[in-house]
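J.: When the letters of the sequence shown are read in order and numbered with this note's numbering, they come out as residues 294 to 593.
Quick reminder that beta carbons are idealized off the backbone N, C-alpha and C, glycines included.
This structure is a prediction, so every number in the text was calculated from the model and none was measured.
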Amino acid sequence: MKSNLPDEKRIIFITGCSSGIGHDAVLTLSKRGHRVIASCRKEEDVQHLAALGCEVFLMDVDNPDSIARTFADVLTNTHGRLDVLINNAGYGQAGALEDISRDVLRRQFETNVFGLMDLTRLAIPVMRRQGHGRIINMSSVLGLISMPFRGAYNASKYAVEGLCDTLRLELKPSGIHVICVEPGPIDTEFRESFIAHSLKKIDSEHSHFRMQYQQMLVSYRQKKTNALFTKKTDVVIGKLIHAIESEKPKAKYPVTAPTRIFILLKRILTVKRLDSLLSYFSRKELAKDDSVAIKMNKDG
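1. Express the C-alpha separation of residue 522 and residue 550 in angstroms, rounding to a whole number.
2. Just confirm the distance between the C-beta atoms of residue 446 and residue 386, as a whole number of angstroms; I'd bet it's less than 8 Å.
3. Using 7 Å as the threshold, is the C-beta distance between residue 347 and residue 365 below it?
4. Please list the segments of the alpha helix (DSSP H) lying wholly inside the segment 420–491, counting only runs of 4 or more residues, in order along the chain.
5. In terms of DSSP beta bridges, what is residue 544 paired with?
6. Let me know the secondary structure DSSP gives residue 354 once reduced to three states.
7. Suppose you measure from the CA of residue 583 to the CA of residue 351; what does that come to, to the nearest Å?
8. Going by beta-carbon coordinates alone, are residue 444 and residue 390 separated by less than 7 Å?
9. What three-state label does DSSP hand residue 378 in the structure shown?
10. For residue 383 and residue 488, I'd like the C-alpha separation in whole angstroms.
11. Pick helix, strand or coil for residue 503, following the three-state DSSP scheme.
12. Tell me where the beta strand (DSSP E) around residue 328 begins and ends.
13. In three-state DSSP terms, what is residue 306?
14. Report yes if the CB atom of residue 453 is closer than 7 Å to the CB atom of residue 432, and no otherwise.
15. Distance, Cα to Cα, residue 493 vs residue 512?
16. Relative to the C-alpha of residue 434, which candidate in 312, 546 and 577 has its C-alpha closest?
17. Taking the continuous alpha helix (DSSP H) assigned at residue 402, which residues delimit it?
18. Keeping to the same chain, check which residues put their C-beta closer than 7 Å to that of residue 295; ignore five residues upstream and five downstream.
19. May I have the straight-line CA-CA distance separating residue 327 from residue 419, to the nearest angstrom?
20. What span of residues does the alpha helix (DSSP H) with residue 337 cover, start to end?
21. Between residue 392 and residue 495, how many whole angstroms is the CB-CB distance? I'm expecting something under 8 Å.
22. Would residue 376 pass as a contact of residue 303 if the rule is Cβ separation under 7 Å?
23. Are there 16 or more other CB atoms within 10 angstroms of the CB of residue 574, so buried, or fewer, so exposed?
24. Which same chain residues, not among the five before or five after residue 311, have their C-beta less than 6 Å away from its C-beta?
25. So the alpha helix (DSSP H) residue 561 belongs to, where does it begin and stop?
26. Got a sec, what are the start and stop residues for the alpha helix (DSSP H) residue 315 sits in?
27. Under the three-state reduction of DSSP, which class applies to residue 373: helix, strand or coil?
28. Could you tell me the boundaries of the alpha helix (DSSP H) in which residue 531 lies?
29. What three-state label does DSSP hand residue 594 in the structure shown?
30. Can you give the Cα-Cα distance for residue 319 and residue 564, rounded to whole angstroms?
31. Do you know how far the Cα of residue 343 is from the Cα of residue 398?
32. Give the straight-line distance between the Cα atoms of residue 325 and residue 576, rounded to the nearest whole angstrom.
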């Protein structure tokens, strides 16, 4: 893949590198000869990557001051150059929308949307002066279709899609590519955060959907993953490599079969039929099991 960048070695800044896609991308892209600068929110994750020989900063994408300070430090270390920004940091907030408070919804957007845009605003002038650059935003299949009990995450990823589409048009004359990566189910720690941790932020015990939340937790604990559709991080990183190194990167990179299937179904089905299909998948996922309910109530 031929590149139109000044040289083959890119300077890449990627957020959300404590685990999963971000962590593995740092290691893989570094092995390909790029200078990769990572960020993590927790000090222990910074130390872990530093021990592996990675260049890494402590940064909280929910904190504008942390973002500004870290970005300035990155530019100091790179003498003002940045070829690629990968906005990967994010998490998923589970729960029915009626159970999501304003503060919980705001926190979802602080991480997945507002922090992403803070970094993007800082990167644009740098890349514009260079006459080139690539801004890669991590979206999701849930930025394309909606599922019950994922409304906060859905909304944040729909926002990311909208930001990407607008930035792509606005920045085209500047030589800056804006790229959206849309993974489906990936085998990472994201699912643990989405199910187990985020449910602690809502009053699930007094919710109309209490039984559904219990079933979600049991399903997580039993680690019911569909091996046919759940892929490893390498499938996403393969798309990142193309987005970074190709002379003509794509605007959007759907990853995994479910994403590609739902893109097609959204085009050919009516809203009513697509809703029926999504409701069916949700019912299968949250199928009631009396033995599960009894066990959960006993465990209390």
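T.: Let's see:
1. When rounded, the distance between both Cα atoms is 7 Å.
2. Confirmed, Cβ separation roughly 6 Å.
3. Inclusion of residue 347 and residue 365 in the CB contact set at 7 Å is not warranted, their separation being larger than that value.
4. Those alpha helix (DSSP H) runs which fall completely within the segment 420–491 and span 4+ residues are 444–464.
5. Under DSSP, no beta-bridge partner is assigned to residue 544.
6. DSSP places residue 354 in coil when its eight states are reduced to three.
7. Legend: pLDDT at residue 583 = 38, less than 50; position of this residue unreliable, value from coordinates given subsequently. C-alpha separation (whole angstroms): 46 Å.
8. In this structure, residue 390 lies closer than 7 Å to residue 444 by Cβ.
9. Strand at residue 378.
10. Whole-angstrom Cα-Cα distance: 14 Å.
11. If DSSP states are grouped into helix, strand and coil, residue 503 belongs with the helices.
12. First-last of the beta strand (DSSP E) with residue 328: 328–333.
13. Residue 306: strand per DSSP, three-state reduction.
14. Their beta carbons are under 7 Å apart, which means residue 453 touches residue 432 by this criterion.
15. A direct Cα-to-Cα measurement between residue 493 and residue 512 gives close to 16 Å.
16. Comparing Cα positions, the closest option is 546.
17. It spans 395–402 - the alpha helix (DSSP H) in which residue 402 sits, taken as one unbroken run.
18. The predicted position of residue 295 is uncertain, since its pLDDT is 44 and thus under 50; no value can be drawn from it.
19. Cα to Cα, the separation comes out at about 18 Å.
20. Looking at the DSSP string, the run of the alpha helix (DSSP H) that includes residue 337 is 336–344.
21. In this structure, residue 392 and residue 495 form a Cβ contact; the two beta carbons are roughly 5 Å apart against a cut-off of 8 Å.
22. It is a contact, given that the beta carbons lie within the stated cut-off.
23. The residue is exposed, with fewer than 16 neighbouring Cβ atoms inside 10 Å.
24. For residue 311, where only same-chain residues beyond five positions count, the Cβ hits under 6 Å are 333 and 338.
25. Annotation for residue 561: the continuous alpha helix (DSSP H) segment containing it runs 550–561.
26. In the DSSP assignment, residue 315 falls within the unbroken alpha helix (DSSP H) covering 313–324.
27. Residue state for residue 373 is assigned as coil, using DSSP reduced to three classes.
28. Element bounds for residue 531: 527–538.
29. Only positions 294 to 593 of the chain appear in this structure, which leaves residue 594 out of reach.
30. Their Cα atoms are separated by approximately 39 Å.
31. The alpha-carbon atoms of residue 398 and residue 343 are separated by roughly 33 Å.
32. Straight-line Cα distance between these residues: approximately 43 Å.
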